[in-house]
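J.: According to UniProt numbering, the residues represented by the sequence shown are 1 to 280, in order.
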Amino acid sequence: MTLATRDLGIRLDGRTILDGIDLSLTRGMLTGLVGPNGAGKTTLLRALASLVAPVQGGVTLDGRALSALPRDERARRIAVLFQGGEIGWPISVREVVALGRLPHRRAFADPSAADGAAITRAMARADIAHLAERIATSLSSGERMRALLARALAVEAEWLLADEPVTALDPAHQLDAMTLLRAASREGTGVVAVLHDLALAARFCDRIVVLSGGRLLADGPPDAALSDGLLAHAFGVTAERGRAADGTGYLLPWARSGSGPEGGDCDRAGICVPGASPTE
1 MTLATRDLGI RLDGRTILDG IDLSLTRGML TGLVGPNGAG KTTLLRALAS
51 LVAPVQGGVT LDGRALSALP RDERARRIAV LFQGGEIGWP ISVREVVALG
101 RLPHRRAFAD PSAADGAAIT RAMARADIAH LAERIATSLS SGERMRALLA
151 RALAVEAEWL LADEPVTALD PAHQLDAMTL LRAASREGTG VVAVLHDLAL
201 AARFCDRIVV LSGGRLLADG PPDAALSDGL LAHAFGVTAE RGRAADGTGY
251 LLPWARSGSG PEGGDCDRAG ICVPGASPTE
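1) Report the CB separation of D127 from R146 in whole angstroms; it is logged as a contact under 8 Å.
2) Beta carbon of L216, beta carbon of P165: below 8 Å?
3) Determine, using beta carbons only, whether A79 and L211 come nearer to each other than 8 Å.
4) Here's the rule I'm using: 16 or more other beta-carbon atoms within 10 Å means buried, otherwise exposed. How should D62 be labelled?
5) In the DSSP assignment, what are the bridge partners of T60?
6) For the candidate residues V59, A136, D22, L195, whose alpha-carbon lies nearest to that of L33?
7) DSSP has R256 in a bridge; who is on the other side?
8) Leaving out five residues before and five after A168 in sequence, what residues of the same chain have Cβ atoms less than 7 Å from its Cβ?
9) Tell me whether P90 is buried or exposed, calling it buried when 16 or more other Cβ atoms sit within 10 Å of its Cβ.
10) Is it buried or exposed, H130, if we count other Cβ atoms within 10 angstroms and call 16 or more buried?
11) How would you write the range of the beta strand (DSSP E) that T26 sits in, first residue to last?
12) For the stretch 128-207, list the alpha helix (DSSP H) runs that are entirely contained and at least 4 residues long, ordered along the chain.
13) Starting from the C-beta of I119, find all residues in its chain whose C-beta is less than 6 Å away, skip the five residues before and the five after it, and write them out in chain order.
14) Just how far apart, CA to CA, sit A132 and L180?
15) Are the beta-carbon atoms belonging to L23 and T5 less than 8 Å from one another?
16) In whole angstroms, give me the CA-to-CA distance for S67 and T60.
As structure tokens, this is what we get:
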């Protein structure tokens with residue numbers, strides 16, 4: 001089962017944000033979308049959720065045009081979590097998480113036993129069961145992010161698209177969130193996450209997709225996609241690498257490389273051009 005793009009092109013406010021993206025994503029994997037600021041990562045995630053219309057190419061879900069699927073079917077099959085999400089109503093955390101079950105219910109229907117079980121599971125997995133009766137608008141930024149992650153998990157969709165899911169989380173909860181996303185992928189969910197923390201991406205992701213200047217620069221296992229050459233080219237950094245006591249490899253961005261973007265972008269051939277100011 002695949003979520004795929006073919007020659008995908010997106011323009012926003014007259015600017016090309018994505019150009020010629022060919023990508024085939026598979027369920028059961030945690031895929032990290034990485035790249036410098038303005039690479040087009042969030043726009044790609046929005047396109048995969050059918051929230052922005054392409055000017056060329058398109059997105060398919062199991063071979064069917066995503067835009068042609070009924071909205072309620074898309075909502076059941078693809079759950080989304082966007083960075084900076086707000087909770088605007090003074091409702092309980094449990095009620096926030098329950099919103100994730102709306103695609104499974106008829107209008108105005110009460111939650112079913114299955115809905116209740118899914119909500120409880122999602123809160124436990126996001127470590128917010130103890131916050132269930134808190135008013136959501138009183139949460140800290142980290143607690144709010146976990147509540148919104150739980151809402152996305154409550155959908156129990158085939159695909160989970162997450163934009164910077166560890167933003168505002170402390171180190172312990174960052175590790176918890178990444179462990180949770182990887183566990184969800186192991187259970188058969190296709191998980192795609194926009195990440196800025198290359199150390200977490202290298203450690204937890206099965207596959208890394210690197211964008212730069214709106215184009216696909218690399219796609220593969222972390223060791224291959226985050227090679228020294230690519231880190232210097234796309235991010236302008238060097239990295240220290242090693243192995244933890246359990247044998248797990250790690251990567252730490254360490255210093256500027258003296259090449260690569262510096263508030264800039266990469267052109268159609270992938271050559272970095274200093275001074276450009278792309279839009280995410």
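For every residue, glycine included, the Cβ atom is placed at its ideal position computed from N, Cα and C.
T.: Taking the definition as stated:
1) Along the sequence shown, one-based indexing puts residue 127 at 127. Along the sequence shown, one-based indexing puts residue 146 at 146. About 7 Å; that satisfies the 8 Å criterion.
2) Locating residue 216 in the sequence shown gives position 216, where the first residue counts as 1. Locating residue 165 in the sequence shown gives position 165, where the first residue counts as 1. Contact: no.
3) As a position in the sequence shown, residue 79 is number 79, starting the count at 1. As a position in the sequence shown, residue 211 is number 211, starting the count at 1. No. Outside cutoff.
4) In the sequence shown, residue 62 corresponds to position 62, counting from 1. Burial call: exposed.
5) By one-based count along the sequence shown, residue 60 stands at place 60. Partner(s): A4, A65.
6) In the sequence shown, the residue the question calls residue 33 occupies position 33. Per the Cα distances, L195.
7) Residue numbering aside, residue 256 sits at position 256 when the sequence shown is read from its first letter. DSSP lists V237 as the beta-bridge partner residues of R256.
8) Residue mapping note: residue 168 aligns to position 168 of the sequence shown, counting from 1. S141, G142, M145.
9) The residue you call residue 90 lines up with position 90 of the sequence shown. Its Cβ having fewer than 16 others within 10 Å, P90 is exposed.
10) Numbered from its first residue, the sequence shown carries residue 130 at position 130. Exposed, by the Cβ-count rule.
11) Numbered from its first residue, the sequence shown carries residue 26 at position 26. Its beta strand (DSSP E) spans residues 15-26.
12) 141-154, 171-186, 198-204
13) Within the sequence shown, residue 119 is the residue found at index 119, counting from 1. A distance below 6 Å between beta-carbons, with the five flanking residues on each side excluded, links I119 to the following residues of its chain, in chain order: V97, A98, A154.
14) One-based indexing of the sequence shown puts residue 132 at position 132. One-based indexing of the sequence shown puts residue 180 at position 180. One C-alpha to the other measures close to 19 Å.
15) If you number the sequence shown from 1, residue 23 lands on position 23. If you number the sequence shown from 1, residue 5 lands on position 5. Going by C-beta atoms, L23 is nearer than 8 Å to T5.
16) By one-based count along the sequence shown, residue 67 stands at place 67. By one-based count along the sequence shown, residue 60 stands at place 60. Rounded to whole angstroms, S67 to T60 spans 8 Å at the Cα level.
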